[in-house]
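For reference, the structure is listed below as structure tokens.
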Amino acid sequence: MTVRNAEVATAFEEMADLLEIEGANPFRVRAYRFAARTLRDLPAEVGEMVAKGEDLTGLPGIGDDLAGKIKEILSTGTAAAIEAQRKRVPATVTELLRIPGLGPKRVKTLTQELKIRSPSELQKAAQEGRVRTLAGFGEKTEQHILAALAARLAEAPRVKRAVAIPYAEALVAYLEQLSGVGRVMAAGSYRRGLETIGDLDILAVAPAGRPVTDRFVAYQEVRDVLAHGETKASVRLQSGLQVDLRVVPQESYGAALLYFTGSKSHNVVLRQLAQQRGLKLNEYGLFRGDTRVAGETEESVYAALGLPWIPPELREGRGEIEAAKAGRLPHLVDLHDLKGDLHAHTRATDGRHSLQEMAEAARLRGLQYFAITDHSRRLTMAKGLDSTRLLQQMEDIDRLNATLSGITILKGIEVDILEDGNLDLPDNVLGRLDLVVAAVHSRFTLSKQKQTERIMKAMDHPHFSILAHPSGRLIGRREPYDVDMLRIIRKARERRCFLEVNAHPERLDLTDIHCRMAREEGVLLAVNTDAHSMLDLENARFGIGQARRGWLEKSDVLNTRSYAELRKLLKPTMKA
DNA sequence: GCCGTTTTCGGCCCGACTGTTTTCAGTCG
Numbered sequence: 004m005t006v007r008n009a010e011v012a013t014a015f016e017e018m019a020d021l022l023e024i025e026g027a028n029p030f031r032v033r034a035y036r037f038a039a040r041t042l043r044d045l046p047a048e049v050g051e052m053v054a055k056g057e058d059l060t061g062l063p064g065i066g067d068d069l070a071g072k073i074k075e076i077l078s079t080g081t082a083a084a085i086e087a088q089r090k091r092v093p094a095t096v097t098e099l100l101r102i103p104g105l106g107p108k109r110v111k112t113l114t115q116e117l118k119i120r121s122p123s124e125l126q127k128a129a130q131e132g133r134v135r136t137l138a139g140f141g142e143k144t145e146q147h148i149l150a151a152l153a154a155r156l157a158e159a160p161r162v163k164r165a166v167a168i169p170y171a172e173a174l175v176a177y178l179e180q181l182s183g184v185g186r187v188m189a190a191g192s193y194r195r196g197l198e199t200i201g202d203l204d205i206l207a208v209a210p211a212g213r214p215v216t217d218r219f220v221a222y223q224e225v226r227d228v229l230a231h232g233e234t235k236a237s238v239r240l241q242s243g244l245q246v247d248l249r250v251v252p253q254e255s256y257g258a259a260l261l262y263f264t265g266s267k268s269h270n271v272v273l274r275q276l277a278q279q280r281g282l283k284l285n286e287y288g289l290f291r292g293d294t295r296v297a298g299e300t301e302e303s304v305y306a307a308l309g310l311p312w313i314p315p316e317l318r319e320g321r322g323e324i325e326a327a328k329a330g331r332l333p334h335l336v337d338l339h340d341l342k343g344d345l346h347a348h349t350r351a352t353d354g355r356h357s358l359q360e361m362a363e364a365a366r367l368r369g370l371q372y373f374a375i376t377d378h379s380r381r382l383t384m385a386k387g388l389d390s391t392r393l394l395q396q397m398e399d400i401d402r403l404n405a406t407l408s409g410i411t412i413l414k415g416i417e418v419d420i421l422e423d424g425n426l427d428l429p430d431n432v433l434g435r436l437d438l439v440v441a442a443v444h445s446r447f448t449l450s451k452q453k454q455t456e457r458i459m460k461a462m463d464h465p466h467f468s469i470l471a472h473p474s475g476r477l478i479g480r481r482e483p484y485d486v487d488m489l490r491i492i493r494k495a496r497e498r499r500c501f502l503e504v505n506a507h508p509e510r511l512d513l514t515d516i517h518c519r520m521a522r523e524e525g526v527l528l529a530v531n532t533d534a535h536s537m538l539d540l541e542n543a544r545f546g547i548g549q550a551r552r553g554w555l556e557k558s559d560v561l562n563t564r565s566y567a568e569l570r571k572l573l574k575p576t577m578k579a
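Take any residue in the first sequence, count from 1 to its spot, add 3: that is its number in the numbering used here.
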């Protein structure tokens, strides 16, 4: 039986829910949630760690007890303690916790007083007016429950970062022009550069909050006002996106930005650090007693805690504070560090613009080199290139290069990795290219072992340069195919080839966790746009965002190298 | 349930908003 980290994490989260409804020690509940988080973030499979005899109690938030439960779940699929808890609290009840406004206490009341077991039973009870009769519930709460249940199916899922950007920018601009409003900043997961955004958190500086929250809830795109107070308001836009606004005075800006940017786990660690120093950190500042010792800037708060400023992309509670303490924060790669792009398409296959147009767009972006990598013949839907057409394109590129200055167009291909691990074009053709980007575009459902071996066999190919979109996922649409990324990363190190961070906002593939794994294994990553149009070159910023979340420095990224250095790095993989 | 150059026991982050509560509990982030 193979049990994945995510399944163990889900079991722990369920246990936390069940315990919470039962009214268990909240710190015990937190321990389960924290452990679940650790498992979800873990680059290695915990099953494999156990198989190798590694000690799980070295992991954050995993002690003897939870290590034992993990092993139990790995071998039996569940844990006796969780099963016992399920008997005491029906597992379906945890669904009630997902309804906004219902927490453990109210769910407990509903199940005990009205014997409610599921959202549909809750809906019935609310419609019959039975919910309002409970202590602590009232007419409004009952109506909110009904509204939430009705909206549940239509509930807005997390939106991709690229989708959220225009909403965020428009709202920030709207708030900035209000009189009395100083700085306005989108914080939260948006500022941390997460690939998807659950809701948008906006911070505004103003001497008084009320006038700002009043104007905020009056924003023309607001559909519902969820909360509206002196310093805080929450709305849902017509698009379904939820936006939270917080207004603070200037002297609290840094502390509030820190608090509102998160993540929650980063903030918790910072507050613990403050406590240890006899200080208190909240969104208004860092205080010793009633005296504010820092708060106007983020830097001031970090400095007072003995830390350098930590870039938002790292604030995930994944060791950044320890790294900061030790002076070992990475110097994160920046968009302007990119000297080239190694994955792009033209009209020859499924791109929208010509070779000349794409090259010119790349030159205008200041790139030193730009690889044309159209699809190979196997991808018939995309008019994939056969040898003849590819050789023709190579001649076109030679002619184009002769006319260009300041940029070199590289001859490449995005060649299909066939099911047997062979590449979709003959060696003698691939060998004439500057680089070979290879990708899986078919048979996504192979077993983990077969998929991994298929890709590793392709990497053994003498002309293989870069593995494109290594997991194949499409955010919100297609799960990654089942591969052992650590083995693939180690294979790349052995073969001295590279993996891609695909910058397309729907892909962002590798993930942040895998970027970091590659960095730790010493494998260089190429941040590529996979542009199918001139406009797509803009997507580089999303790839860089992902790279930064993966702790990558300039030196970890292949295409920050000069053209001369790049050629040297590509060469060993082309000869071998 | 975890964790430890103040601790192996006794801690475990902090505040705003809502609704039903006449002084605060529950929920959320």
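Quick reminder that beta carbons are idealized off the backbone N, C-alpha and C, glycines included.
So what's residue i in DSSP terms, helix, strand or just coil?
i	result
Ser-255	helix
Gly-1	Because the chain is modelled from 4 through 579, residue 1 falls outside the range shown and cannot be assessed.
Phe-219	helix
Phe-373	strand
His-147	helix
Thr-411	strand
Lys-163	strand
Val-526	coil
Arg-135	helix
Ala-236	strand
His-231	strand
Arg-552	helix
Asn-425	coil
Ala-579	Because the pLDDT at Ala-579 is just 39, under 50, the model does not fix this residue reliably, and the point stays unresolved.
Leu-511	coil
Thr-448	coil
His-348	coil
Val-336	coil
His-378	strand
Ile-492	helix
Thr-300	coil
Val-6	coil
Gln-126	helix
Asp-559	helix
Ile-119	coil
On a CA-only basis, which of the options is nearest residue i? Give me that one, please.
i	options	result
Thr-41	Glu-57, Ala-27, Gly-61	Gly-61
Ile-478	Leu-125, Thr-514, Arg-544, Gly-232	Thr-514
Ser-303	Lys-90, Asp-293, Ala-258, Asn-285	Ala-258
Gly-185	Ala-211, Gly-201, Glu-131	Ala-211
Val-439	Glu-524, Gly-309, Lys-574, Pro-93	Lys-574
Glu-301	Arg-274, Tyr-262, Asp-337, Gln-275	Tyr-262
Ala-84	Glu-116, Leu-113, Tyr-35	Tyr-35
Arg-435	Tyr-193, Leu-393, Asp-427	Leu-393
Arg-89	Phe-15, Asn-28, Val-272	Phe-15
Where residue i and residue j are concerned, what is the direct C-alpha to C-alpha distance, given to the nearest angstrom?
i	j	result
Val-504	Arg-195	18 Å
Asp-539	Met-488	27 Å
Glu-51	Gln-146	49 Å
Ala-529	Leu-502	6 Å
Glu-319	Arg-510	21 Å
Arg-551	Gly-139	46 Å
Val-32	Asp-68	14 Å
Gly-191	Glu-172	14 Å
Glu-198	His-507	11 Å
Ala-534	Arg-43	31 Å
Pro-160	Arg-480	12 Å
Leu-137	Thr-97	20 Å
Ile-102	Ala-153	11 Å
Val-526	Ser-558	10 Å
Val-166	Glu-360	26 Å
Ala-579	His-269	Caution applies to Ala-579, whose pLDDT of 39 falls short of 50 and renders its modelled position unreliable; the value that the coordinates give is listed next. Approximately 45 Å, taken between the alpha carbons.
Met-520	Pro-46	7 Å
Ser-242	Asp-202	12 Å
Provide the residue(s) that pair with residue i in DSSP beta bridges, ordered along the chain.
i	result
Ser-474	DSSP lists no partner for Ser-474.
Asn-285	Gly-288
Val-440	Glu-417, Ile-469
Asn-531	Asn-505
Provide the residue span of the alpha helix (DSSP H) that contains residue i, from first to last.
i	result
Arg-392	390–406
Phe-37	29–44
Ile-85	83–91
Where does the unbroken beta strand (DSSP E) through residue i begin, and where does it stop?
i	result
Glu-503	501–505
Ile-205	202–208
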